[in-house]
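Structure first, then comments.
In structure tokens, the structure reads:
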């Protein structure tokens with residue numbers, strides 16, 4: 001199994017990516033990794049690997065890329081001028097079959113657009129959706145979809161999100177009947193926008209384990225395994241919950257270091273506090289899947305450290321093992337559509353809407 005990695009996309013620079021890739025290689029002995037980026041910088045980071053990772057370098061290859069796509073790069077610019085970038089070359093390797101999955105911590109909009117152009121879509125899904133896990137009670141997790149790829153979503157698209165996430169959770173996470181819910185402002189059938197109410201009616205007819213609406217305060221109580229919403233709402237929920245988790249950890253640390261009495265209590269409570277910190281740490285849930293592509297692409301958080309990036313690579317490994325795109329294509333009932341001959345704007349597959357449509361799309365940060 002080979003994973004292609006854009007080494008230049010993260011906010012912390014290539015070191016976090018290189019070290020995270022090395023940790024993933026340690027965790028998965030059957031794995032090979034190719035890093036894409038400026039060769040000299042990557043060689044320098046590989047040479048600085050701590051001793052515990054030196055043994056994995058025989059399974060680590062470097063592929064030179066002249067340019068990178070920054071977080072500030074517009075999607076239209078990435079589509080026009082990004083073909084020689086580390087991100088584009090990573091996706092080219094995936095499209096050509098030289099890799100089984102791709103992982104990047106880079107520009108989300110560019111990643112979505114270039115992935116769609118390079119890989120195409122499965123099963124008539126017009127646009128990818130991003131899904132990631134959030135923590136729930138008693139150490140559980142819930143997948144939210146969409147997390148920012150589609151800031152507006154029709155009822156049809158919300159149903160697509162639910163079906164794709166259901167397939168993913170069944171095959172990758174091993175839940176036989178994942179509970180699917182729609183995020184709404186109330187649980188009553190009359191609440192919410194028309195698109196959400198229409199999606200609710202459709203989902204009740206599909207045979208999924210659909211449990212109805214869930215409100216924002218129910219996201220973390222374990223009532224659902226998948227929560228569906230548009231990307232605008234999902235991205236706000238994700239960023240808000242990450243900020244809340246950091247604030248709670250900071251508040252605990254500040255409170256327990258205020259004076260000698262609280263410091264004594266903190267020593268006694270340290271094991272329990274560390275468990276809570278680990279459970280709330282967004283790093284544990286790093287690795288957002290881009291569902292609907294005719295290939296496996298995982299988005300790492302831009303601020304992920306080496307451990308967090310290794311989690312994202314491990315997520316890609318899980319999806320490769322389960323051959324997730326083929327399962328999506330089979331269960332959704334269609335296959336990717338070959339591109340129109342002679343069309344320079346596509347690479348490998350065509351979708352319902354043209355790749356240049358991304359020029360007019362807004363993307364969540």
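In the working numbering, the protein residues as written are 1 to 365. Ideal placement from N, C-alpha and C gives every residue a C-beta, glycine not left out. In this text, all values refer to a predicted model and were calculated from it rather than measured experimentally.
Secondary structure of residue 316 (DSSP, three-state): helix. DSSP places residue 332 in the helix class (H, G or I) of the three-state scheme. For residue 3, the secondary structure class from DSSP, reduced to helix, strand or coil, is strand. Ranking 185, 132, 312, 125 by CA distance to the CA of residue 157 puts 125 first. Contact check for residue 130 against residue 245 fails: the beta carbons are separated by 8 Å or more. Here DSSP, grouped into helix, strand and coil, assigns residue 159 to helix. Residue environment: residue 301 is assigned as buried (16 or more neighbouring CB atoms within 10 Å of its CB, all protein chains considered).
By the neighbour-count definition (other C-beta atoms within 10 Å, threshold 16), residue 247 is an exposed residue. Per the coordinates, the alpha-carbon of residue 30 lies some 16 Å from the alpha-carbon of residue 323. Setting aside the 5 residues that flank it on each side, residue 199 is surrounded in the same chain by 155, 158, 159, 182, each with a C-beta closer than 7 Å to its C-beta; the list follows chain order. Rounded to whole angstroms, the Cβ separation of residue 147 and residue 132 is 6 Å, and the two are in contact under 8 Å. The C-beta distance from residue 24 to residue 313 rounds to 4 Å, short enough to meet the 8 Å contact threshold.
Nearest in C-alpha terms to residue 121, of all of 72, 237, 297, is 297. Residue 196 holds the alpha-carbon nearest to the alpha-carbon of residue 152 among 168, 140, 196. Secondary structure in the stretch 114-199: the beta strand (DSSP E) runs of 3 residues or longer, each lying completely within the stretch, are 129-135, 141-145, 180-183 in chain order.
Ranked by how close their Cα comes to the Cα of residue 52, the residues 41, 26, 73, 77 have 26 in first place.
Residue 194 and residue 254 have their C-alpha atoms roughly 45 Å apart. A direct Cα-Cα distance of roughly 23 Å separates residue 163 from residue 191. Per DSSP, residue 206 lies in no alpha helix (DSSP H) segment and is marked neither H nor E.
Distances from the CA of residue 316 to each of 223, 250, 101 were compared; the closest alpha carbon is that of 101.
In the DSSP secondary-structure assignment, residue 227 is bridged to 144, 181.
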